[in-house]
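So for the sequence shown, our numbering puts the first residue at 23; every next one is plus one. Note that CB positions come from ideal geometry on N, CA and C, so glycine has one too. Just so we're clear, the structure is a prediction, and the values are computed from it rather than from any experiment. Quick notes on the structure that follows.
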Amino acid sequence: SATNRLVSAKDHAAIQINIGGVDQSGRYDGTYKTYVISGKVRACAESDDTLNRLATRDGELKNVWSYQR
Numbered sequence: 023s024a025t026n027r028l029v030s031a032k033d034h035a036a037i038q039i040n041i042g043g044v045d046q047s048g049r050y051d052g053t054y055k056t057y058v059i060s061g062k063v064r065a066c067a068e069s070d071d072t073l074n075r076l077a078t079r080d081g082e083l084k085n086v087w088s089y090q091r
């Protein structure tokens with residue numbers, strides 16, 4: 023989760039994204055990482071930056087994107 027809070031059942035703007043893991047040849051290896059973005063973050067138009075930050079933290083965007091505070 024981007025905000026480290028539980029997303030309530032009434033937050034109909036929240037999304038959950040599963041990003042599949044791939045091997046060296048680019049084929050799906052059966053693993054995935056789940057990212058949840060709340061409606062509040064989406065309403066502030068920060069979901070793309072948040073997804074990049076979380077994926078970078080997990081090592082998914084090595085040498086692709088750098089997060090600067």
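Exercise. Going by the beta-carbon positions, is the gap between G61 and D51 smaller than 7 angstroms?
Worked result: Position 39 of the sequence shown, counted from the first residue, corresponds to residue 61. Position 29 of the sequence shown, counted from the first residue, corresponds to residue 51. No. Outside cutoff.
Problem set entry | Residue from K32, D45, C66 and I39 whose Cα sits closest to the Cα of A77 | Locating residue 77 in the sequence shown gives position 55, counting from the first residue. The option with the nearest alpha carbon to A77 is I39.
Problem set entry | For K55, the residue or residues it bridges with in DSSP | Within the sequence shown, numbered from 1, the residue matching residue 55 stands at position 33. Per DSSP, the beta-bridge partners of K55 are I41.
For this session: Measure the beta-carbon distance from Y54 to L73 and round it to whole angstroms, keeping in mind my assumption that it falls under 8 angstroms.
Result: Mapped onto the sequence shown, residue 54 falls at position 32. Mapped onto the sequence shown, residue 73 falls at position 51. Beta-carbon to beta-carbon, Y54 and L73 are separated by about 14 angstroms, too far to satisfy the 8 angstroms threshold.
For this session: Indicate whether V86 and A24 have their beta-carbon atoms separated by less than 7 angstroms.
Result: Numbered from its first residue, the sequence shown carries residue 86 at position 64. Numbered from its first residue, the sequence shown carries residue 24 at position 2. Taking the C-beta atoms as reference points, A24 is found no nearer than 7 angstroms to V86.
Exercise. To the nearest angstrom, how far is it from the Cα of G81 to the Cα of K32?
Worked result: Position 59 of the sequence shown holds residue 81. Position 10 of the sequence shown holds residue 32. If I take the Cα positions, the gap works out to 32 angstroms.
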